[in-house]
Amino acid sequence: MHTIAPSFRGYRRLPLDGKLLLFDRESGTNVLLEGDETAHYRQVAPRVLQVSLTNVCNKACAFCYRPLDAASGWRYDEMLELAHVAARWGVLELAFGGGEPTMFPRFAELLSDIWHQTPLCPNFTTNGTLLTQKLLARIEGVYGQIQISIYDDENYWAVIERCAAAGARFGLNYLVTPQRARTFEADLLAFAERGARDVLLLSYKGHDPALHLRGEQLERFDASVARMHERYGHRIALKVDVCWGARLRHTPQLLYADDCGAGRNFLSVSSDKKILSCSFADGGIPIGDLAELPRLYQQLRACPTPVTSPGCTRPASSPAAQASSAASLGLS
Numbered sequence: 191m192h193t194i195a196p197s198f199r200g201y202r203r204l205p206l207d208g209k210l211l212l213f214d215r216e217s218g219t220n221v222l223l224e225g226d227e228t229a230h231y232r233q234v235a236p237r238v239l240q241v242s243l244t245n246v247c248n249k250a251c252a253f254c255y256r257p258l259d260a261a262s263g264w265r266y267d268e269m270l271e272l273a274h275v276a277a278r279w280g281v282l283e284l285a286f287g288g289g290e291p292t293m294f295p296r297f298a299e300l301l302s303d304i305w306h307q308t309p310l311c312p313n314f315t316t317n318g319t320l321l322t323q324k325l326l327a328r329i330e331g332v333y334g335q336i337q338i339s340i341y342d343d344e345n346y347w348a349v350i351e352r353c354a355a356a357g358a359r360f361g362l363n364y365l366v367t368p369q370r371a372r373t374f375e376a377d378l379l380a381f382a383e384r385g386a387r388d389v390l391l392l393s394y395k396g397h398d399p400a401l402h403l404r405g406e407q408l409e410r411f412d413a414s415v416a417r418m419h420e421r422y423g424h425r426i427a428l429k430v431d432v433c434w435g436a437r438l439r440h441t442p443q444l445l446y447a448d449d450c451g452a453g454r455n456f457l458s459v460s461s462d463k464k465i466l467s468c469s470f471a472d473g474g475i476p477i478g479d480l481a482e483l484p485r486l487y488q489q490l491r492a493c494p495t496p497v498t499s500p501g502c503t504r505p506a507s508s509p510a511a512q513a514s515s516a517a518s519l520g521l522s
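Our numbering puts the sequence shown at residues 191 to 522.
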């Protein structure tokens, strides 16, 4: 029998393969237990569902990867039902994206209902343009984390300051391109000065070769992240998305893995009601009955595959696929 320390007994539990993950939505704390006592555990649910709440957006970014022709099929009652299904299944978090999730009808009410009716932790990623003081006040205490995407054509400084003044729990999504890599250190210090305490470094997944880091650019950025973490990690937390894989060799990370976990640790649900291993994946399996999600999850988990977008670091299933991926990035 695995004994949980008293301070962790109120945490939700997610069995992983040979491990046990504890999660507290109030603080966002994750505790991973591993030992002889957890060896028999097997994972039956993803830690998080990444849900494209709507495909509607008030921006038209050139680098956006979402399928522009995808329908926005979710109704309020269906999304609330999805939350209840996910909670019974054992999922810990719902991460809403889009499109722009704040454009979903009754968005603030949806967060409140999920928080109060289920043990799930709802989070969302936003471009910040609709993140008003009124909305921040309405959703206070009913979400885990807001991720604000940083766009060069928006006054994101005002959004950062508004969130900081409201005491919101928020982080920044920082898409790393060769241009951004050159200004990263100055940007990070400016973010910290304005009240940001959390920056997620996103790798580019797309077909524009000018936006990919490679060779010496990547090595310099890796060294820069490690240096900034050592000097300023006490002021602002640096996080890296799973799509970097093992490319950031010198950047300290809490967990090192040989796979991104797409289709296992997280699962994507599209705005047109399909399930995918990753939000960058093509196709998807149509969702008929929400009760079928656990079965579809096992189906996707049984055959992990990389996506076709250049920038995916999941090992390809064959030498031919690996060569194709390298060619698409201009690395062969």
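Where a beta carbon is used, it is the ideal one built from N, C-alpha and C, also for glycine.
Exercise for the section: Starting from V415, follow the alpha helix (DSSP H) in both directions and report where the run begins and ends. Expected result: 405-422
Problem - Neighbour-count burial assignment, I523, 16 or more Cβ in a 10 Å radius - result: Nothing about residue 523 can be read from this structure; the chain reaches only from 191 to 522.
Handout entry: Supposed contact pair L300 and I338 - C-beta distance, whole angstroms, cut 8 Å
Key = Going by Cβ atoms, the distance from I338 to L300 rounds to 19 Å, so no, they are not a contact pair.
Exercise for the section: Answer yes or no: does any C-beta atom of chain B fall closer than 7 Å to that of S302? Expected result: Looking at the structure shown, chain B is missing, and only one protein chain is on hand.
Exercise for the section: Give, in chain order, every unbroken run of the beta strand (DSSP E) that is at least 3 residues long and sits entirely within the stretch 286-339. Expected result: 311-316, 336-339
Practice task
Count the other C-beta atoms from every protein chain shown that fall within 10 angstroms of the C-beta of P236, then say buried if there are 16 or more, exposed otherwise.
Solution key: buried
Exercise for the section: Grab the span of the beta strand (DSSP E) containing I465 for me, first residue to last. Expected result: 464-466
Exercise for the section: Output the boundary residues of the alpha helix (DSSP H) element that contains E375. Expected result: 368-383
Exercise for the section: Can you say whether C493 is buried or exposed, counting buried as having 16 or more other CB atoms within 10 angstroms of its CB? Expected result: exposed
Practice task
In the DSSP assignment, find the beta strand (DSSP E) that holds Q240 and state where it starts and stops.
Solution key: 238-242
Problem - Rounded straight-line distance, which links the Cα of D342 to that of R359 - result: 22 Å
Problem - Three-state secondary structure assigned by DSSP to L282 - result: coil
Exercise for the section: Give a yes or no on contact between the stretch 373-383 and the stretch 392-401, applying the rule of three or more CB pairs nearer than 8 Å. Expected result: no
Problem - Local Cβ density within 10 Å of D259, reported as buried at 16 or more and exposed below that - result: exposed
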